[in-house]
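Residue numbers (the numbering used here): 1 to 533.
Note that CB positions come from ideal geometry on N, CA and C, so glycine has one too.
Predicted, not measured: the structure shown is a model, and the values here were computed from it.
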């Protein structure tokens, strides 16, 4: 969880007028009839310059859905209302995380879909329980990621103890501050919240569109409420069979491959960066930079751990590669730490929303499934993975290490296998590091009527509405009338990946959210998705 777009429905947005709780009455051409009207939601304008029709509301739900009359919490919702005569119902959207805010994503999705398609849906964003503008919002230990942290590589017992102390302290802080909440911050509780949103919207069924962890959230919703799913889109698909400890170890290998793809790209553009034409030579220089920063952090801010934080986003989105390559070259070749510090502040630094996101991330992942409680197993497993994938392994281990000490018990992962759904549409890039390709193949098999659209040769995480017209054509067709491709084998349709970025022109302004060659849509989307699955 890094820097995120500011949450909506706060003081910075315009509040002007109240709207009906239920969408405009469906016309004779409507394909998604509503149930009874409800007065639970009072929509008010929370317009922004980018999303002038955005509205916000709040909904109270039980903290414990088994006790509906018990303590309540509040969910923050957003909506871009439909405008077409044909109304296809609510389309709930989620950016992943867990811990990602979905309020702004509603505006992004509504404005990025073809206008004729978006006009037929109420696009609904929501902050899941504990997140962002929902109340209470978790913040277990503000400043947990403040620089400079201990080196992530536990090369000595002292470094390992320092990192273990941080992990224990974070888990203990969560337990002390939110003991009454933590047993209810999990995927299944969030799924029941989604169904409460459906009821409050007055809809018999929902449409759903989730990225990253949002794919697992959607698959679990479908498992619990298959009869309430109308359409289901899952982009960059979590493997539901290895949540969450094994998933992180698998990620480490995939991120190492993606980081090496970045370094090979740098080598191909030696004329721009001067770091060498041999990828192995460039890789050696990157690890030399890491070793130097472990001894002397740049500007007293970017040490070895912060360097990893800065470059991990490049594994999610190659639109960041030019910025990262410039920072790498400036430090390694010119001894100039300035661009590296700027890149860290843009991509790696964790602000207050990031503290909130990480608090929810750990709360959900540590609660959702069992984690080893014996640190010796973590040590063995992560050193074994590090031997073949050094880039992110220990950084990721410490990111998840509070789960070894989490103050609540764990639930069982949900078996999402489902033969009761209408056609479902999955999207996956073959080189995605955050949710490796095999997870989409597994989910395709488990969801009996699903279709898988593959971006061949792509490595980004979150691929629809990101500039690839082939992918977006399949998405639009499905949301228009339920059309899905049907093929043979693993993939039902294949789209070619977008071209890799080009180095920025000399003198181009530094920008962490895109480059001169990155699509505007891709940059905007990846500014909303965050950097952990």
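Starting from the C-beta of residue i, find all residues in its chain whose C-beta is less than 7 Å away, skip the five residues before and the five after it, and write them out in chain order.
| i | result |
| --- | --- |
| residue 274 | 329, 333 |
| residue 213 | 96, 97, 98, 238, 533 |
| residue 372 | 245, 378, 404 |
| residue 135 | 73, 74 |
| residue 241 | 442 |
For a test of the three-state rule: what should DSSP assign to residue i, helix, strand or coil?
| i | result |
| --- | --- |
| residue 322 | helix |
| residue 338 | helix |
| residue 41 | coil |
| residue 312 | coil |
| residue 140 | coil |
| residue 112 | helix |
| residue 402 | helix |
| residue 49 | coil |
| residue 183 | helix |
| residue 456 | strand |
| residue 133 | coil |
| residue 120 | coil |
| residue 281 | helix |
| residue 203 | strand |
| residue 271 | helix |
| residue 496 | strand |
| residue 307 | helix |
| residue 258 | helix |
| residue 521 | helix |
| residue 526 | helix |
| residue 302 | strand |
| residue 128 | coil |
| residue 168 | helix |
| residue 77 | strand |
Take residue i as the anchor and find which of the options has the nearest alpha-carbon.
| i | options | result |
| --- | --- | --- |
| residue 560 | 482, 310, 222, 397 | There is simply no residue 560 to check, as the chain begins at 1 and stops at 533 in what is shown. |
| residue 381 | 54, 249, 459 | 249 |
| residue 146 | 426, 464, 306 | 306 |
| residue 233 | 525, 499, 526, 484 | 484 |
| residue 266 | 457, 281, 252 | 281 |
| residue 437 | 337, 401, 258, 482 | 258 |
| residue 363 | 261, 417, 186 | 186 |
| residue 524 | 366, 320, 410 | 320 |
| residue 467 | 440, 439, 497, 443 | 497 |
| residue 325 | 142, 260, 206, 359 | 260 |
| residue 113 | 230, 521, 291, 87 | 521 |
| residue 140 | 133, 182, 177 | 177 |
| residue 335 | 489, 296, 370, 357 | 296 |
| residue 390 | 161, 350, 284 | 284 |
If you measure between the beta carbons of residue i and residue j, is that distance less than 7 Å?
| i | j | result |
| --- | --- | --- |
| residue 193 | residue 92 | no |
| residue 220 | residue 476 | no |
| residue 111 | residue 462 | no |
| residue 159 | residue 151 | yes |
| residue 423 | residue 449 | yes |
| residue 385 | residue 341 | no |
| residue 310 | residue 272 | no |
| residue 223 | residue 416 | yes |
| residue 106 | residue 80 | yes |
| residue 128 | residue 172 | no |
| residue 121 | residue 82 | yes |
| residue 411 | residue 368 | yes |
| residue 447 | residue 418 | yes |
| residue 69 | residue 322 | no |
| residue 440 | residue 426 | yes |
| residue 460 | residue 317 | yes |
| residue 279 | residue 293 | no |
| residue 479 | residue 495 | no |
| residue 142 | residue 355 | yes |
| residue 184 | residue 351 | no |
| residue 169 | residue 401 | no |
Considering only residues of the same chain and omitting the five flanking positions on each side of residue i, which have a CB-CB separation below 8 Å?
| i | result |
| --- | --- |
| residue 179 | 407 |
| residue 59 | 40, 41, 74, 75, 77, 196, 197, 200 |
| residue 312 | 255, 348, 392, 395, 531 |
| residue 290 | 304, 307, 308 |
I'd like to know whether the C-beta of residue i is nearer than 7 Å to at least one C-beta of chain B.
| i | result |
| --- | --- |
| residue 305 | No chain B appears in the structure shown, which is made up of a single protein chain. |
Excluding five sequence neighbours on each side, which residues of the same chain lie with their C-beta closer than 6 Å to the C-beta of residue i?
| i | result |
| --- | --- |
| residue 109 | 93, 123 |
| residue 298 | 337, 340, 341 |
| residue 433 | 254, 255, 258, 315 |
| residue 526 | 317 |
| residue 205 | 228, 230 |
| residue 327 | 339, 340, 343 |
3-residue-minimum beta strand (DSSP E) runs that sit fully inside the region 408-449, ordered along the chain
424-429
Whole alpha helix (DSSP H) elements within the region 327-386, 4-residue minimum
You should have 338-343, 352-368, 375-386.
Every unbroken beta strand (DSSP E) within the region 203-254, with a cutoff of 3 residues, ordered by chain
Within the region 203-254, complete beta strand (DSSP E) segments of at least 3 residues are found at 206-211, 229-235, given in chain order.
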